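Visitor: Taking this note's numbering, the leading residue of the sequence shown gets 1, the next gets one more, and so forth.
Note that beta-carbon positions come from the ideal geometry of N, C-alpha and C, so glycine has one too.
Nothing here was measured: the structure is a model prediction, and the numbers come from that model.
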Amino acid sequence: MGLTGIQIFKMLPKTNCKECGVPTCLAFAMNLAAGKAELASCPYVSEEAKATLSEASAPAIRPLAVGAGENVVKIGGETVLFRHEKTFVNKPGFAILVSDTMPEAEVNARLKRFKDLRYERVGLTLRPELVAVKNESGDSGKFEALIKKVKAETDAGLILMSDKVDAMTAGVKACADRLPLIYAANNGNSEAFANLAKEHKCPLAVKADNLETLSSMSNKLTAAGLKDLVLDSGARALRKAFEDQVFIRRAALIQKNRSLGFPTITFPCEMTKDPMKEALIAATMVAKYAGIIVLSDFQGESLFPLLVERLNIYTDPQRPMMMQQGIYPLGNPAEDSPVLITTNFSLTYFIVSGEIESSRVPSWLLVMDTEGLSVLTAWAAGKFVGDAIGAFVKKSGITDKVKHRKVVIPGAVAAISGDLEEELGSGWEVKIGPREAAHIPAYLKMGA
Ligand code: SF4
């Protein structure tokens with residue numbers, strides 16, 4: 001953000017109408033300057049001020065999209081160097097490489113792995129998003145055919161890799177509706193690739209041998225009207241790639257260097273032939289600070305840890321992942337099924353619900369809003385205590401679903417059972433469940 005709160009305030013309507021959610025225009029201006037508010041929240045900003053403020057408040061690293069439709073991959077838009085300052089915004093896309101010189105069986109096997117390697121975790125689907133199609137044959141027809149095959153068989157965002165203008169022209173035409181990433185403009189082809197990107201509104205990757213050339217090429221392309229660029233510094237050794245990633249991020253954020261203010265693409269697939277080393281390099285690039293990571297292949301044992309690492313790093317550390325408060329029926333429960341209660345921290349919910357499901361005892365799970373805190377933390381914070389749980393159980397509607405009046409609390413908070421029974425009133429029985437979720441199946445099978 002290039003403007004101070006006071007400079008922004010001068011451009012606001014100063015009516016203090018509160019429609020933006022804060023009491024005054026000054027407070028809104030301060031939030032905007034700190035990156036804690038969106039300009040769109042004020043409906044009364046003049047068009048002139050909007051133009052100035054939008055430009056000034058644009059993230060130092062341009063956000064852009066590869067692909068279209070549901071599986072669009074958003075990259076860039078980052079505003080901080082370190083995750084503890086503020087959340088990282090757009091997680092890097094993982095790409096698998098296929099080439100038009102590969103045997104068809106190998107291409108089919110890779111595309112199958114791209115489609116099959118998906119994992120459910122804490123209510124989310126973790127999956128790779130991109131396929132990088134490489135024109136190694138030099139033949140436009142083969143390149144185009146492979147692109148058409150990948151497009152027909154997957155929902156992937158596409159990265160088209162060729163430095164030949166005729167092959168890239170044919171390739172982009174074959175999948176223009178998917179808005180592929182054109183990889184890559186270099187000193188020899190940049191004008192033709194820039195025209196292609198402009199014509200089809202596709203993002204364009206820029207490749208150079210060093211940061212200086214990269215910066216100057218990016219400047220030229222920006223001057224030619226290109227907005228959505230992805231940077232490749234050309235580094236193909238871990239140390240240099242790591243240094244370049246950090247340099248680019250720092251230059252964009254701290255020095256406000258617009259020519260390096262774009263997301264990056266990295267190629268662990270070209271840095272080693274050892275699959276485990278490749279996964280380790282990719283893990284480094286997830287943390288520092290790649291926008292796209294191209295892998296030679298996907299294997300579950302290396303892809304899954306990378307997906308989990310990415311999830312962890314790109315989850316907002318200031319906002320716990322939460323479930324909605326409510327009643328969750330598990331395994332088609334009936335009016336005599338047990339009722340258990342837990343907090344709305346996602347991980348707690350998925351562990352507890354997973355154990356209940358594996359018990360095969362149909363049950364009702366009451367999930368109480370504790371602002372995303374786990375059981376013991378919520379108890380210690382006074383959010384998962386007898387009177388609060390009692391009030392929640394009474395208004396939850398569970399009494400319309402079961403004829404009994406028994407509720408099972410986590411064993412870790414056994415101490416609240418007396419308070420809870422008192423809050424719920426006569427007729428209710430509070431049962432103490434296991435301390436560990438792993439013991440829930442045995443507990444339920446004994447007849448909770
Ligand atoms: S909505 Fe706009 S005019 Fe109203 S208080 Fe907020 S900043 Fe001021």
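Among residues of its own chain, excluding the 5 on either side of K86, which ones have a beta-carbon nearer than 6 Å to its beta-carbon?
Guide: The residues are V80.
Visitor: When you compare the region 222 to 237 with the region 192 to 207, are there three or more beta-carbon pairs, one atom per stretch, that lie closer than 8 Å?
Guide: The answer is yes - the region 192 to 207 touches the region 222 to 237, with three or more Cβ pairs under 8 Å.
Visitor: Using 8 Å for Cβ pairs, my map puts N219 next to E129. What's the rounded Cβ distance?
Guide: Not a contact, Cβ separation roughly 29 Å.
Visitor: Hey, A132 and A176 are a contact pair by Cβ (cut 8 Å); roughly how many whole angstroms apart?
Guide: Contact doesn't hold; Cβ gap of about 17 Å is too wide.
Visitor: Could you tell me whether the Cβ atoms of L340 and G386 are closer together than 7 Å?
Guide: No, Cβ-Cβ distance for L340 and G386 is not below 7 Å.
Visitor: Are the beta-carbon atoms of A282 and I293 separated by less than 7 Å?
Guide: Yes; because the gap between Cβ atoms is below 7 Å, this pair is in contact.
Visitor: Sort L181, F242, G372 by Cα distance to L211 and report the nearest one.
Guide: The shortest Cα separation from L211 among L181, F242, G372 belongs to F242.
Visitor: Residues around the ligand SF4, please: the ones whose beta-carbon is closer than 7 Å to some heavy atom of it, in chain order.
Guide: The filter returns L12, P13, K14, T15, N16, C17, K18, E19, C20, V22, T24, C25, F28, S41, C42, P43, Y44, V45, in chain order.
Visitor: In angstroms with no decimal places, state the Cα-to-Cα distance between T342 and L444.
Guide: Whole-angstrom Cα-Cα distance: 15 Å.
Visitor: Give the DSSP bridge partners of S99, in chain order.
Guide: Looking at the DSSP assignment, S99 forms a beta bridge with K134.
Visitor: Starting from K366, trace the beta strand (DSSP E) both ways and give me its first and last residue.
Guide: It should be noted that the sequence gives Leu, not Lys, for residue 366. Its beta strand (DSSP E) spans residues 363 to 368.
Visitor: Looking only at its own chain, which residues have a Cβ that is under 8 Å from the Cβ of D232, when we skip the five neighbours before and after it?
Guide: Within the same chain, D232 has close Cβ partners Y183, A184, A205, V206, K207, A208, L214, T264, I265, T266, F267.
Visitor: Cα separation between M285 and K74?
Guide: When rounded, the distance between both Cα atoms is 17 Å.
Visitor: Use the C-beta contact count for I440: other C-beta atoms within 10 angstroms, 16 or more gives buried, fewer gives exposed.
Guide: By the 10 Å Cβ count, I440 comes out buried.
Visitor: Among K142, I61, G447, whose alpha-carbon lies nearest the alpha-carbon of I432?
Guide: Here the closest residue by C-alpha is G447.
Visitor: Identify whether L181 lies in helix, strand or coil by the three-state DSSP scheme.
Guide: Three-state DSSP puts L181 in a strand.
Visitor: For the structure I just gave you, are there three or more beta carbon pairs, one from the region 322 to 335 and one from the region 294 to 312, closer than 8 Å?
Guide: The region 322 to 335 is not in contact with the region 294 to 312.
Visitor: Here's the rule: buried if 16 or more other CB atoms are within 10 angstroms of the residue's CB, otherwise exposed. What is L146?
Guide: That one is buried.
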